[in-house]
Every structure is written in structure tokens, then in C-alpha cells.
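Step one of this worksheet: look at the structure below.
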Amino acid sequence: MLRHVVMIKYKPDTPEAHIQRFVQQARDMFGQIPELLEIEVGRDVVEEPRSWHVVLLTRFEDAPSLRQYQGHSVHEALMVFNGPFVESVAVVDYPLPD
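The sequence shown stops at residue 220 when you use this note's numbering, and every number in between is there.
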């Protein structure tokens, strides 16, 4: 199993409504993309300068499944929707223990 972690930092002028919509659409990917076995989406509540705004924790069978997910039309559409508001993204992929 593979854990895929994505942290998103938004540009300062990003509307709150956009972030809320992104979070909901990200959660809605579950069930639409077969390779996506699990998704958790969280928003930062501390709001420190070093904080990221949104985190996605996802689980996949393996790296090829992750690549299939990344190329899926639902995921690609969400990236296009979110892209103009994103200041930076950090990603970590690691194997989960058996």
C-alpha cells in the first residue's frame, strides 16, 4: 500500500468559497476513481505563517495505481479548477507497513 500526502498553500487573495468547494470536490473523488482506496481532506485551524491551508491524505495499492489516479479526468479537472489559486504544493509518497 502507498500513502500519498499533498499539502496546499493558497495565494492570499483566494476566496474562502473556492477553498470550501475544492475540499468538497476532493472528498467527492472517492467512489469516482477506482484506484483511490481512501481519502481524508483536512483544513488547517491554527493558521500560523508556516501552516499549509489544506492537506489530502490518500491511499493506493501501489505507485502505478497512484499514476492512474493522477491521470484520471476527475482528478485532472480538480487540478485545473484549483490551480489558479495555489501558491505552492508539497507532496510525499511512502509505503505503508503491512
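All C-beta atoms in this analysis are idealised placements derived from N, C-alpha and C, irrespective of residue type, glycine included.
For the beta strand (DSSP E) holding G164, just list the boundary residues, first then last. 160-165
Would you mind sorting L218 into buried or exposed? The rule is 16 or more other CB atoms within 10 Å of its CB. exposed
Less than 8 angstroms between the CB atoms is what I'm expecting for E198 and L159, so what's the real figure, rounded? Going by Cβ atoms, the distance from E198 to L159 rounds to 19 angstroms, so no, they are not a contact pair.
Which listed residue (M123, M129, L124) has its alpha carbon closest to that of V177: M129
What is the C-beta distance between V196 and Q146, in whole angstroms, given that I count them as a contact (C-beta under 8 angstroms)? Between Q146 and V196 the Cβ distance is about 13 angstroms, and since that is not below 8 angstroms, they are no contact.
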